[in-house]
Amino acid sequence: MINLHLDVRCKSKYICFGFIGCAYLASIPYLYADVIADTTVLLGKQVKVSKYIEAKKMCKEQNARCQGATFTNIDIISPDKNGLSHNKYKKFNNERGQGYNKITFNNVLADSKELTGNPFLIDKTAKVILNEVTSKEPSQLHGSLVVAGDKAHVIIANPSGISCDGCSFSNTEHVTLTTGIPVVHAGTLIGYDVNRGTIHIKKGGLDHHEHFYTFLDFFANSLKIDGEVISDDIVSIIGQHAVSFAPVGEKINIRTMGGFTSDYKKKVNVDVSKLGGMYADRIFITTRGGSVSNKGIIDAEAVVNISSSASVKNNGGKITSQKVILRGLASIDNMGGRIKAERQALPYDANNRFSIRMSGGDILNRNGSIYANSGHILIQASELVENVHGTIKSNMTSGAANIKIKSKGMNNSMGGIITSSDIDIDTGHLKNYRGKIVSFMGKVDLSYWKITENLGEIHGGIDVHRTVKP
Numbered sequence: 001m002i003n004l005h006l007d008v009r010c011k012s013k014y015i016c017f018g019f020i021g022c023a024y025l026a027s028i029p030y031l032y033a034d035v036i037a038d039t040t041v042l043l044g045k046q047v048k049v050s051k052y053i054e055a056k057k058m059c060k061e062q063n064a065r066c067q068g069a070t071f072t073n074i075d076i077i078s079p080d081k082n083g084l085s086h087n088k089y090k091k092f093n094n095e096r097g098q099g100y101n102k103i104t105f106n107n108v109l110a111d112s113k114e115l116t117g118n119p120f121l122i123d124k125t126a127k128v129i130l131n132e133v134t135s136k137e138p139s140q141l142h143g144s145l146v147v148a149g150d151k152a153h154v155i156i157a158n159p160s161g162i163s164c165d166g167c168s169f170s171n172t173e174h175v176t177l178t179t180g181i182p183v184v185h186a187g188t189l190i191g192y193d194v195n196r197g198t199i200h201i202k203k204g205g206l207d208h209h210e211h212f213y214t215f216l217d218f219f220a221n222s223l224k225i226d227g228e229v230i231s232d233d234i235v236s237i238i239g240q241h242a243v244s245f246a247p248v249g250e251k252i253n254i255r256t257m258g259g260f261t262s263d264y265k266k267k268v269n270v271d272v273s274k275l276g277g278m279y280a281d282r283i284f285i286t287t288r289g290g291s292v293s294n295k296g297i298i299d300a301e302a303v304v305n306i307s308s309s310a311s312v313k314n315n316g317g318k319i320t321s322q323k324v325i326l327r328g329l330a331s332i333d334n335m336g337g338r339i340k341a342e343r344q345a346l347p348y349d350a351n352n353r354f355s356i357r358m359s360g361g362d363i364l365n366r367n368g369s370i371y372a373n374s375g376h377i378l379i380q381a382s383e384l385v386e387n388v389h390g391t392i393k394s395n396m397t398s399g400a401a402n403i404k405i406k407s408k409g410m411n412n413s414m415g416g417i418i419t420s421s422d423i424d425i426d427t428g429h430l431k432n433y434r435g436k437i438v439s440f441m442g443k444v445d446l447s448y449w450k451i452t453e454n455l456g457e458i459h460g461g462i463d464v465h466r467t468v469k470p
């Protein structure tokens, strides 16, 4: 159901678009209405969509009054006993304007005396606002989305994809964007079946930053980030999965769907471009059936945790946090990239000693930097660790800062492995052509079956111990 409330200068059955002139009202739902309710559901279960258009005026101020804007109000349907308001749409877009367009989810009781009430909300408001889109086209989000009244978890689900270019969310601590199909059983949201679809954050970015702690979920087959994504807690589960619905504080369960394709090592599931970035307190990314590629910035205050069934590539990118955990079944490639764990004025915690932990098939740090200012660095490769022209470094600013490397082979040619604490390397063939393995204040423990030093430097402030494997 669509109602249009228009600010016009012409007859009531027309709408005025500034200098363009007036358009006939009957054409509005088909040409301009970017949120269209699904009328195939029962009448009592249809959302009510109304629109107010502020026409552009002859003034220069950068605001909605001068530049024009479209305000869309959605009276969500009444929630079930679990607090779920399940709303269905044929189309769900926040159309592009001057940056002042707004979609409002009306979560206000009908008898409210302070705000315009939602006639569907008689005795309670929604805790979860599920917006299920059945369009064959991706949802285009270009403005702000606001929950009016009581805060609620906002979910936008469109299997055809979701594109955000300058979108923002307000008065909601939890936002979920997914290309999965919502699974609802007996009125209970079970989760989402993700088989296809891309979430694309364009250069305008996504802002979900409030005065309270915020949570942002991406559940899709692929994720592309070309702008800044800002929230406090970001969880990205990418690939073909069945993902469980989980309120804030509860565990998310993941069940894989479908099999691996022959080119899964070449496929990129998560792509953060040079202009893209993720900024949060905690960032978790997991992919299946493809790699994670970061050429931009992934920056978290507390922890960055990235896991891929293929590769994690940080070619020219930056990954920064107090704790960094990277897992790549095929490889971790930090060519020209920076991985940095930095703790500022934090007390040493003996139970939380690792600042950087990396595990994978090959771990490649050609011309790259892996650095921790406090805490250990642990690198585990089932095949090769390559640090050619690279740097692996830790400082003992608060507590121990050991470097431990375990692999089948190790190439440190022209590279540096440097710390003020201990170094422990367990490998097969250790190549150290013009490389440096240096502990200024600790000991160096090397275990290998063959070593090629060739003008390389190995130094321990306390001692250097070598073990030749049989």
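Using the UniProt record's numbering, the letters of the sequence shown correspond one by one to residues 1 to 470. No residue lacks a Cβ here, since even glycine has one placed at the ideal position from N, Cα and C. Keep in mind the model is a prediction, meaning the values are calculated, not measured.
{"Item": "To the nearest angstrom, report how far apart Met-1 and Gln-322 are at their CA atoms.", "Value": "Interpretation of Met-1 is limited by its pLDDT of 40, a score under 50 that renders its predicted location unreliable; the figure taken from the coordinates is listed afterwards. Roughly 50 Å between the two C-alpha positions."}
{"Item": "Could you give the DSSP three-state label for Ala-267: helix, strand or coil?", "Value": "The sequence shown places Lys at residue 267, rather than the Ala named in the question. Three-state result, Lys-267: coil."}
{"Item": "Quick one, are the C-beta atoms of Ile-425 and Leu-446 less than 8 Å apart?", "Value": "yes"}
{"Item": "With distances taken from CA atoms, which of Ser-369, His-208, Tyr-371 is nearest Phe-169?", "Value": "His-208"}
{"Item": "Taking DSSP as the reference, what is the three-state secondary structure of Lys-113?", "Value": "coil"}
{"Item": "Spell out the partners DSSP gives Glu-132 in its beta bridges.", "Value": "Lys-88, Ala-157"}
{"Item": "Under a Cβ-count criterion, where at least 16 other Cβ atoms within 10 Å of its own Cβ denotes burial, should Ala-26 be classed as buried or exposed?", "Value": "Annotation note: pLDDT 32 at Ala-26 (below 50); position unreliable, coordinate value reported separately. Exposed, since its Cβ has fewer than 16 Cβ neighbours within 10 Å."}
{"Item": "With distances taken between CB atoms, is the gap from Ser-163 to Gln-140 smaller than 8 Å?", "Value": "yes"}
{"Item": "Comparing alpha-carbon positions, which option in Thr-320, Ala-400, Glu-95 lies nearest His-142?", "Value": "Glu-95"}
{"Item": "Could you give the residue range of the beta strand (DSSP E) that holds Ser-236?", "Value": "233-238"}
{"Item": "Out of Ser-293, Asp-217, Ser-291, which one is the CA nearest neighbour of Arg-282?", "Value": "Asp-217"}
{"Item": "Inspect the beta-carbon positions of Asp-165 and Thr-125 and report whether they are closer than 8 Å.", "Value": "no"}
{"Item": "With a CB to CB cut of under 6 Å and the five nearest residues on each side skipped, what residues in its chain are close to Pro-79?", "Value": "Ser-85, Ala-126"}
{"Item": "Grouping DSSP H, G and I as helix and E and B as strand, with all else coil, what is Lys-45?", "Value": "helix"}
{"Item": "Please list the terminal residues of the continuous beta strand (DSSP E) segment that includes Cys-410.", "Value": "The sequence given here has Met at residue 410, not Cys. Where Met-410 is concerned, the enclosing beta strand (DSSP E) stretches over 409-411."}
{"Item": "Between the alpha carbons of Tyr-448 and Asn-412, how many angstroms are there, rounded?", "Value": "14 Å"}
{"Item": "Comparing alpha-carbon positions, which option in Ile-325, Lys-274, Asn-269 lies nearest Asn-195?", "Value": "Asn-269"}
{"Item": "Closest by CA to Ala-69, which one among Gly-360, Lys-91, Ile-103?", "Value": "Ile-103"}
{"Item": "Pair every Cβ in the segment 219-235 with every Cβ in the segment 273-281, then say whether three or more of these pairs are closer than 8 Å.", "Value": "yes"}
{"Item": "Hey, how far is the Cα of Val-183 from the Cα of Lys-295?", "Value": "35 Å"}
{"Item": "Residues in the same chain with beta-carbon distance under 6 Å from Ile-201, minus the five sequence neighbours each way, listed in chain order, please.", "Value": "Cys-164, Ile-225, Gly-227, Val-229"}
{"Item": "Among the residues of its own chain, which have a CB less than 6 Å from the CB of Ile-74, if the five just before and after it don't count?", "Value": "Val-47, Val-49, Phe-105"}
{"Item": "Going by other Cβ atoms of all chains shown within 10 Å of its Cβ, with 16 needed for buried, is Asp-111 buried or exposed?", "Value": "exposed"}
{"Item": "Specify, as a first and last residue, the run of the beta strand (DSSP E) that Ala-69 falls within.", "Value": "69-75"}
{"Item": "Would you mind stating whether His-153 and Thr-179 have Cβ atoms separated by less than 8 Å?", "Value": "no"}
{"Item": "Taking Cβ to Cβ, would you say Asn-395 is nearer than 8 Å to Ser-420?", "Value": "yes"}
{"Item": "By how many angstroms is the C-alpha of Ile-285 removed from the C-alpha of Ala-33?", "Value": "Confidence at Ala-33 is low in this model, with a pLDDT of 49, below 50, so its placement is unreliable and the value that follows should be read with caution. Rounded to the nearest angstrom, the two C-alpha atoms are 35 Å apart."}
{"Item": "The beta strand (DSSP E) that contains Val-388, what's its start and end?", "Value": "Unbroken run through Val-388: none, as it is neither H nor E."}
{"Item": "Return the CA-CA distance between Asn-314 and Glu-301, expressed in angstroms with no decimal places.", "Value": "19 Å"}
{"Item": "With C-beta atoms as the reference, is Ile-339 less than 8 Å away from Ile-325?", "Value": "no"}
{"Item": "Mapping the DSSP letters down to three states, classify Arg-466 as helix, strand or coil.", "Value": "strand"}
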